[in-house]
Structures are given as C-alpha cells and as structure tokens.
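Scroll down for the structure; my scribbles are underneath it.
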Amino acid sequence: MARAFVTGVTGYIGGSVARRLRQGGYGVKGLVRTPADGERIAALGIEPVVGRLEDAPLLSRLAREADVVVNAASAGHRGAVEALVEGLRGTNKTLVHTSGSAIVADVGEGEPSEHIFEDDTPFTPVPAKAARVALDRFVRDSAREGIRSMVICPSMIYGRGLGVKRDSAQVPRLLQESSRRQAGVHLGRGLNVWSNVHIEDLVELYSLAIAQAKPGDFFFAESGEARFVDIAVSLSRILGFGGRTFAWALPEASAALGEDWARYILASNSRVRATHARRLGWKPKHTSVLREIEEGSYREDFASHALAK
Ligand SMILES: NC(=O)c1ccc[n+]([C@@H]2O[C@H](COP(=O)([O-])OP(=O)(O)OC[C@H]3O[C@@H](n4cnc5c(N)ncnc54)[C@H](OP(=O)(O)O)[C@@H]3O)[C@@H](O)[C@H]2O)c1
14 MARAFVTGVT GYIGGSVARR LRQGGYGVKG LVRTPADGER IAALGIEPVV
64 GRLEDAPLLS RLAREADVVV NAASAGHRGA VEALVEGLRG TNKTLVHTSG
114 SAIVADVGEG EPSEHIFEDD TPFTPVPAKA ARVALDRFVR DSAREGIRSM
164 VICPSMIYGR GLGVKRDSAQ VPRLLQESSR RQAGVHLGRG LNVWSNVHIE
214 DLVELYSLAI AQAKPGDFFF AESGEARFVD IAVSLSRILG FGGRTFAWAL
264 PEASAALGED WARYILASNS RVRATHARRL GWKPKHTSVL REIEEGSYRE
314 DFASHALAK
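Residues in the sequence shown are numbered from 14 upward in steps of one, following our numbering.
Dropping the structure here:
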C-alpha cells in the first residue's frame, strides 16, 4: 500500500485531502498536536503522529518514510517546508505544498480590479505576501534536487470539509459577522473579487496532481469568482435579513480581524485562472459559491442551527 504523510490533518484542507487519499487506497499518517486530536483522526482511518511543524527531525523522518507528502498546515511555515524537503531530497518522491491565492492579492479596499493571474503570469506580491511567494519558489526549485515537488494554490475555498474540520475561512467568518450585525457584511463597497473553489473539487485536484503532475508544477485552484458584495447579499438572504448589507469600514475591520485578514483576505482582489489544472484534466463540478450559500451546505447548516434553537 502506498504511504502518504499529511500535515494539517485536523484542519479544513489537510483533513479533506487526507480523507480523499485514504479513500484512494493510501495508508495515511497525519501530524496532530495533541493525543486527543489523534483519536479524532484515527476514527477516520488516519494514523496520527503527535508533533508540531517546529519539530524538524520528526518531519524529515516522516517525509522520508512516505511515498507522498502533503503539506497543508501552513502556506507560510518555512521551517516545516525545509524539513520536509530535507527528508525527501534525492528520493524522487512527491511533495505537495499548499499555498494560497492571497499571494496575488492587491490592496483593493473593496474596489474592483481588472487584473487576472494565470499560473505563469509574473507578478510582484505585496510585501506582506513576499515570503509566501519565495516559499512556493523554494518548493518548486527543490524539483532540481530529486523531489517530485509541486505547489497547489487554492483561491477562496468553500463547502463542507471532508475531515474533522468542516468550516473554511472566509465564508464562515463573513457568515458569523453578518449574523452579529443582522446584515450581510462586506468591506468597503465590496466590489472586490476573489476566485473560489469548492473543497470537493479541490481534493480531486490534489489527487490528480499527485498522480500526474510534473516536478516543479504550480496549480492555481479556482472554478469561478464572486464579488464580496454578492456574497454578502446571499449570506443576508439565508440569515433572513432580506438581502440587506453592511459596508464594514477597513480600519474597523482591521481592528477586529487583524490587518492581514481584513486587508488581504476580505478587502482585496485575488482573481486567478486554473489553466494548468484544467490542462491536467481537472474538471471541477461546482461553479458557484453563491449557489452553495443559498442552496447548499451553508443554508443546510443555518437551517439545522435555527431549528435547534
Ligand atoms: N481555507 C482556505 O480558503 C484557504 C485557501 C487558500 C490557502 N489556504 C491556506 O492553507 C493553509 C491551511 O488552511 P486551512 O483552511 O486548512 O487551515 P486550518 O483549518 O486552520 O488548518 C490548519 C491545520 O494546520 C495545523 N497546524 C497549524 N500550525 C501547526 C503547528 N505549528 N504544528 C502542527 N500543526 C499545525 C492545525 O492544527 P491544530 O488543529 O492543532 O490547530 C490544523 O490542522 C493555511 O496556510 C491557509 O492560509 C487556505
């Protein structure tokens, strides 16, 4: 049986990818921070190893023992990536690093942008994202050192996670904030746009890339895009606020959520096109975050929550 090692296995992406690998016949080991988390993931058929990203010798050993390594704990943890590369150097085994399309985010402040990035479009990141871009480069360059390395760079992920963690980042956070304010929340005018991808389609891309990608490949993952004001209207509708929206001022949102989140995750533009993934044969099934909110898992979750109250 082929062996996979996954970091971030208690998280949204890592847990989903680990389950997909398990279903695909891999024996999967997953890094967890506590024995209690180990029990939760063992129930999904994943073998837990207690440790942290900061434990370089452990990560190198686990990487060396696996056939496929998926780093889904942190897009920006340089030490962990260096340890995985150290373990895999010269083995020609597979390393998939998870980045995020915030690498191309602008300082949009809720305004639109015409800039669209394909996988190979050159760009200069905002200073806050420069280290992540350098880390992606480091992973891809490790292909020259006998590692079948690749980077998957998801845009805004939505839908119900397949592992122990069900919720992603942006939509649940906006849902929470909208519920609190009794109106669908966006930042500034909310005319900024992010590409997005459903978690079920994303895990299929991991699976396909592990099977077919070339060393050094890079894949944006996206199957549509949406303005934040439209997300706010959809959230408002399922929350029963009739489409009413609230324009959250950036300084206030930064104080509440942190500068990085407010500026580069919620008020920015990040418009990407998954040309490499589609060329590889990836065929995403979900194409609308608005439909997922209004008719899919978010509406279901909200309905069951409302019924339980
Ligand atoms: N969700 C999205 O829409 C999205 C899109 C693009 C890129 N990304 C990026 O992809 C990465 C994973 O995202 P996610 O949404 O899956 O995050 P998440 O749900 O918060 O999961 C993070 C995972 O990493 C683990 N982890 C974090 N620091 C660790 C450490 N020092 N040692 C060991 N484990 C550690 C967490 O363990 P614990 O359970 O112990 O905390 C958890 O399993 C992030 O860097 C994120 O920025 C996310």
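Glycine included, each C-beta is placed from N, C-alpha and C at the ideal position.
Of the candidates A76, R193, G172, A76 places its Cα closest to the Cα of L108. Contact between V164 and H110 holds: their C-beta atoms lie close to 5 Å from each other, under 8 Å. In this structure, P167 has its CB closer than 6 Å to one or more heavy atoms of ligand 1. DSSP, read as helix, strand or coil, puts V152 in helix.
Excluding the 5 residues flanking it on each side, I54 has same chain C-beta neighbours closer than 7 Å at V22, T23, G43, V45, P61, V177, in chain order. Annotated three-state conformation of E127 is coil, per DSSP. S114 and P48 do not touch by the CB rule: their CB atoms are close to 35 Å apart, not below 8 Å. Residue range 25-36 is occupied by the alpha helix (DSSP H) that includes Y25. In this structure, DSSP gives K106 a state outside helix and strand, which the three-state scheme calls coil. DSSP, reduced to helix, strand and coil, places Y277 within a helical segment of the structure shown. Here G43 carries a strand assignment [DSSP, helix/strand/coil]. Here DSSP, grouped into helix, strand and coil, assigns T288 to helix. DSSP, read as helix, strand or coil, puts E60 in strand.
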